[in-house]
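*Asks:* Residues 113 to 260 (the numbering used here) are what the sequence shown spells out, left to right.
Don't be surprised by glycine CBs; every beta carbon is placed ideally from N, CA and C.
Here the structure is a predicted model, which is why all the values come from computation and not from measurement.
I'd like to ask some things about the structure below.
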Amino acid sequence: MAQVSRRYLPKDTQKKLFDLFFKALANIRNPSDIEKFLFSLLGPTEKTMLAKRLGIALLLAKGYNYETIKDVLKVSQETIARVNGVLNYRSEGYEMVVKRVIRDEELGAFLKDMIKEVASSFSYSAYRKWPGLEPPKPPKHPLGGSRK
């Protein structure tokens with residue numbers, strides 16, 4: 113987990129730093145520039161943590177249950193519950209981003225592909241818990257019929 117100095121930072125200084133950070137993000141228009149900026153600013157754990165939180169919010173918004181989200185994103189139920197709590201009580205920021213991501217077809221396709229990848233390791237009947245996914249066709253038996 114990221115570490116923050118225990119030394120006191122005055123509220124007005126903290127506010128100015130946040131304003132500077134938000135303006136810096138707002139001024140970056142190109143996704144590859146945002147990636148360069150955030151990847152140079154954040155450590156590996158911080159990047160993973162933020163990406164997983166967004167993934168959890170997206171999957172919750174699409175109606176996936178905790179068990180499915182745990183399997184797909186390799187997160188704990190506590191992490192999912194924490195994100196769900198934020199979605200339920202302070203959701204303005206998440207809602208804005210989640211709606212935009214869901215509207216973006218390319219990101220939606222990526223999300224569905226990621227879920228299919230994980231689901232492919234499950235049995236045919238396990239697909240019932242994955243809304244919107246069609247289970248693969250059972251392989252044909254070499255002698256003509258389908259294998260059951």
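Ends of the alpha helix (DSSP H) at serine 144?
*Replies:* Here the question's residue 144 lines up with position 32 in the sequence shown. 143-153 is the span of the alpha helix (DSSP H), which, as asked, contains serine 144.
*Asks:* For leucine 121, which of helix, strand or coil comes out of DSSP?
*Replies:* One-based indexing of the sequence shown puts residue 121 at position 9. Coil at leucine 121, not helix or strand.
*Asks:* Output the distance between the C-alpha atoms of glutamate 207 and lysine 224, rounded to the nearest integer angstrom.
*Replies:* Position 95 of the sequence shown, counted from the start, is the residue given in the question as residue 207. Position 112 of the sequence shown, counted from the start, is the residue given in the question as residue 224. Cα to Cα, the separation comes out at about 19 angstroms.
*Asks:* So for glycine 175, helix, strand or coil by DSSP?
*Replies:* What you label residue 175 is simply residue 63 of the sequence shown in a count that begins at 1. Correct three-state label for glycine 175: coil.
*Asks:* Can you tell me the Cα-Cα spacing of tyrosine 176 and glutamate 147, whole angstroms?
*Replies:* Position 64 of the sequence shown holds residue 176. Position 35 of the sequence shown holds residue 147. Their backbone Cα atoms lie some 28 angstroms apart in a straight line.
*Asks:* Quick one: what's got a C-beta closer than 8 angstroms to lysine 159's C-beta in the same chain, skipping five residues either side?
*Replies:* As a working mapping, residue 159 is identified with position 47 in the sequence shown. Taken in chain order, the residues that qualify are Leu150 and Phe151.
*Asks:* Mapping the DSSP letters down to three states, classify valine 198 as helix, strand or coil.
*Replies:* In the sequence shown, counting from the first residue as 1, residue 198 sits at position 86. Three-state DSSP puts valine 198 in a helix.
*Asks:* Which of the three DSSP states, helix, strand or coil, is assigned to aspartate 225?
*Replies:* Position 113 of the sequence shown, counted from the first residue, corresponds to residue 225. The answer is helix: DSSP assigns aspartate 225 an H, G or I state.
*Asks:* Please identify the residue among Val209, Met161 and Arg215 whose C-alpha is closest to the C-alpha of threonine 298.
*Replies:* The shown model of the chain, from 113 to 260, leaves out residue 298, and the question about it has no answer.
*Asks:* Could you tell me how far apart the beta carbons of leucine 172 and leucine 199 are, in whole angstroms, since I believe they sit closer than 8 angstroms?
*Replies:* Here residue 172 refers to the residue found at position 60 of the sequence shown. Here residue 199 refers to the residue found at position 87 of the sequence shown. Confirmed, Cβ separation roughly 6 angstroms.
*Asks:* Which of the three DSSP states, helix, strand or coil, is assigned to lysine 211?
*Replies:* As a working mapping, residue 211 is identified with position 99 in the sequence shown. Of the three classes helix, strand and coil, the one that applies to lysine 211 here is helix, per DSSP.
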